[in-house]
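Asker: Dropping the structure in here first, questions after.
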Amino acid sequence: MKTDAVFKRAFNDAVTVVASLGDGEALPSENDLGARLNVSRTTVRKILATLEERGAIGGSGRQRFVRAADVAAMRFPDAETVPMSEQVEQRFMDWMLRGNTRPGTSINEAELARQFGVATTGIREFLNRFQRFGLIEKRPNAGWLFKGFTERFALELFEIREMFELRSAMAFATLPDSSLLWQKLESLRAEHVSLLQDVDRRYHDFSDLDSRFHRLINFAAPNRFIEDFFDIITLIFHYHYQWNKRDERERNEVAIREHITYIDALQSRNPSIVQLACRAHMASAKETLIRSTSAKLSS
Numbered sequence: 003m004k005t006d007a008v009f010k011r012a013f014n015d016a017v018t019v020v021a022s023l024g025d026g027e028a029l030p031s032e033n034d035l036g037a038r039l040n041v042s043r044t045t046v047r048k049i050l051a052t053l054e055e056r057g058a059i060g061g062s063g064r065q066r067f068v069r070a071a072d073v074a075a076m077r078f079p080d081a082e083t084v085p086m087s088e089q090v091e092q093r094f095m096d097w098m099l100r101g102n103t104r105p106g107t108s109i110n111e112a113e114l115a116r117q118f119g120v121a122t123t124g125i126r127e128f129l130n131r132f133q134r135f136g137l138i139e140k141r142p143n144a145g146w147l148f149k150g151f152t153e154r155f156a157l158e159l160f161e162i163r164e165m166f167e168l169r170s171a172m173a174f175a176t177l178p179d180s181s182l183l184w185q186k187l188e189s190l191r192a193e194h195v196s197l198l199q200d201v202d203r204r205y206h207d208f209s210d211l212d213s214r215f216h217r218l219i220n221f222a223a224p225n226r227f228i229e230d231f232f233d234i235i236t237l238i239f240h241y242h243y244q245w246n247k248r249d250e251r252e253r254n255e256v257a258i259r260e261h262i263t264y265i266d267a268l269q270s271r272n273p274s275i276v277q278l279a280c281r282a283h284m285a286s287a288k289e290t291l292i293r294s295t296s297a298k299l300s301s
């Protein structure tokens, strides 16, 4: 499932950097670009070589400069900047949430591969990641069984999420002004406002927006071990919403408003305000989780 999505996403971020500069202005150093784009120096050099080939920059070494600031057309399509593993996750989440999937539901690799438009191996790799948590059980002939989860399982997982989320939020608030994460956060805020204005019709779209928002916060304090748990955390904290659909629209609206407050707190850079907003949102998410899981267990 390896693609060049990481390069393309970083290249698009680099285009944003170039576009913010005027013709003839000096580019940041390779080290600075690497930090701003959150990629290795090897990837930075590949990006610079591509920008040079396309006529966007000139010079060499530490003397690189902007040759053409109007570079918007050089961006890769957004769909190409999302790693295949994330694409499979997003499509699987949508399938789970909109299909009212229940414990005991059979999952067929080939059928999902056709439905998602990806290779069967991509589906298998994704499902294998969840098997060790006991949520999905492998069956003969490329079959899987969705087993569901218990309240205890969900709450134990929540403890991990809560600790890491607060750590990441505090780190986000200390990011330098030059970090591209601030621009992405502002873009996500605009998406939240747009969704809130059309929440009656589009409340189902919150799941994807919520996942992207919390993933962005986690980028501020990368941790390879926690990142391995992110997919399962995402699945649990969206999947449980489906158990009690009676107030799904209302719950999603509340969460959207909490996110906007959370984003405003991050943009304030005030540690006390950030901590308060983060803890408030986590407490609300936990309460929703307990209510929804209890509803499932009593149904």
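Going by the working numbering, the first residue of the sequence shown is number 3, and it counts up by one from there.
Don't be surprised by glycine CBs; every beta carbon is placed ideally from N, CA and C.
Just how far apart, CA to CA, sit R217 and S170?
Answerer: What you label residue 217 is simply residue 215 of the sequence shown in a count that begins at 1. What you label residue 170 is simply residue 168 of the sequence shown in a count that begins at 1. Straight across, the Cα-Cα distance linking R217 with S170 is about 10 Å.
Asker: Since V8 and P85 are thought to touch, with beta carbons under 8 Å apart, how far apart are those beta carbons, to the nearest angstrom?
Answerer: Here residue 8 is taken as the residue at index 6 of the sequence shown, counted from 1. Here residue 85 is taken as the residue at index 83 of the sequence shown, counted from 1. Between P85 and V8 the Cβ distance is about 7 Å, and since that is below 8 Å, they are a contact.
Asker: Using only the alpha-carbon positions, how far apart do A287 and R69 sit?
Answerer: What you label residue 287 is simply residue 285 of the sequence shown in a count that begins at 1. What you label residue 69 is simply residue 67 of the sequence shown in a count that begins at 1. Rounded to whole angstroms, A287 to R69 spans 48 Å at the Cα level.
Asker: Could you tell me whether the Cβ of V46 comes closer than 8 Å to any Cβ of chain C?
Answerer: Absent from the structure: chain C. Only one protein chain is present.
Asker: Any chance you could list the alpha helix (DSSP H) runs of at least 4 consecutive residues sitting entirely within the stretch 174 to 258, in chain order?
Answerer: 182 to 199, 201 to 204, 208 to 221, 226 to 241
Asker: Using CA coordinates, which residue listed in D200, E82, I162, H283 is at the minimum distance from D212?
Answerer: One-based indexing of the sequence shown puts residue 212 at position 210. When only C-alpha atoms are compared, the closest one is H283.
Asker: Mapping DSSP to helix, strand and coil, what is N40?
Answerer: One-based indexing of the sequence shown puts residue 40 at position 38. In the structure shown, N40 sits in coil (DSSP, three-state: anything other than H, G, I, E or B).
Asker: Could you work out which residue in V276, D15, F118, T123 is closest to H261 when comparing CA atoms only?
Answerer: Translated into the one-based positions of the sequence shown, residue 261 becomes position 259. Nearest C-alpha to H261: V276.
Asker: Indicate whether A12 and I49 have their beta-carbon atoms separated by less than 8 Å.
Answerer: Position 10 of the sequence shown holds residue 12. Position 47 of the sequence shown holds residue 49. Going by C-beta atoms, A12 is nearer than 8 Å to I49.
Asker: The beta strand (DSSP E) spanning G124 covers which residue range?
Answerer: Here residue 124 is taken as the residue at index 122 of the sequence shown, counted from 1. Counting along the chain, G124 falls outside any beta strand (DSSP E), though it belongs to the alpha helix (DSSP H) covering 122 to 133.
Asker: Identify the continuous beta strand (DSSP E) that holds N272 and give its terminal residues.
Answerer: Translated into the one-based positions of the sequence shown, residue 272 becomes position 270. Counting along the chain, N272 falls outside any beta strand (DSSP E), and DSSP gives it neither H nor E.
Asker: Exposed or buried, which one is E252 when buried takes at least 16 other CB atoms within 10 Å?
Answerer: Here the question's residue 252 lines up with position 250 in the sequence shown. With fewer than 16 other Cβ atoms within 10 Å, it is exposed.
Asker: Have a look at the DSSP bridge pairing and note the partners of L147.
Answerer: Translated into the one-based positions of the sequence shown, residue 147 becomes position 145. Looking at the DSSP assignment, L147 forms a beta bridge with S108, E139.
Asker: With distances taken Cα to Cα, identify the nearest neighbour of L177 among N272, L197, R281.
Answerer: The residue given as residue 177 occupies position 175 in the sequence shown. When each option's Cα is compared against that of L177, the closest is N272.
Asker: Using the rule of at least 16 other Cβ atoms within 10 Å of the residue's Cβ for burial, across every protein chain shown, is N143 buried or exposed?
Answerer: The residue given as residue 143 occupies position 141 in the sequence shown. By the 10 Å Cβ count, N143 comes out exposed.
Asker: Consult DSSP for G63 and reduce its assignment to one of helix, strand or coil.
Answerer: Numbered from 1 along the sequence shown, position 61 holds the residue referred to as residue 63. If DSSP states are grouped into helix, strand and coil, G63 belongs with the helices.
Asker: The alpha helix (DSSP H) spanning T18 covers which residue range?
Answerer: Residue mapping note: residue 18 aligns to position 16 of the sequence shown, counting from 1. First-last of the alpha helix (DSSP H) with T18: 7 to 21.
Asker: For V195, is the classification buried or exposed, using 16 other Cβ atoms within 10 angstroms of its Cβ as the cut-off for buried?
Answerer: Working through the sequence shown from its first residue, we reach residue 195 at position 193. It is exposed - the Cβ of V195 has fewer than 16 other Cβ atoms within 10 Å.
Asker: Cβ atoms of F160 and N40: under 8 Å apart, would you say?
Answerer: Here residue 40 is taken as the residue at index 38 of the sequence shown, counted from 1. Here residue 160 is taken as the residue at index 158 of the sequence shown, counted from 1. No.
Asker: Ordered along the chain, which non-local residues of its own chain (more than five positions away) have a Cβ less than 7 Å from that of N14?
Answerer: Mapped onto the sequence shown, residue 14 falls at position 12. Excluding positions up to five away in sequence, the list reads R77, F78, T83.
Asker: Is the beta carbon of F67 less than 8 Å from the beta carbon of L29?
Answerer: One-based indexing of the sequence shown puts residue 67 at position 65. One-based indexing of the sequence shown puts residue 29 at position 27. Between F67 and L29, the gap from beta carbon to beta carbon is short of 8 Å.
Asker: Tell me whether V90 sits in a helix, a strand or coil according to DSSP, three-state version.
Answerer: Numbered from its first residue, the sequence shown carries residue 90 at position 88. Looking at V90 - three-state DSSP - the assignment turns out to be helix.
Asker: To the nearest angstrom, how far is it from the Cα of F118 to the Cα of V90?
Answerer: As a first step, residue 118 is located in the sequence shown; it is residue number 116 there, counting from the start. As a first step, residue 90 is located in the sequence shown; it is residue number 88 there, counting from the start. If you take the alpha carbons of F118 and V90, they lie about 7 Å apart.
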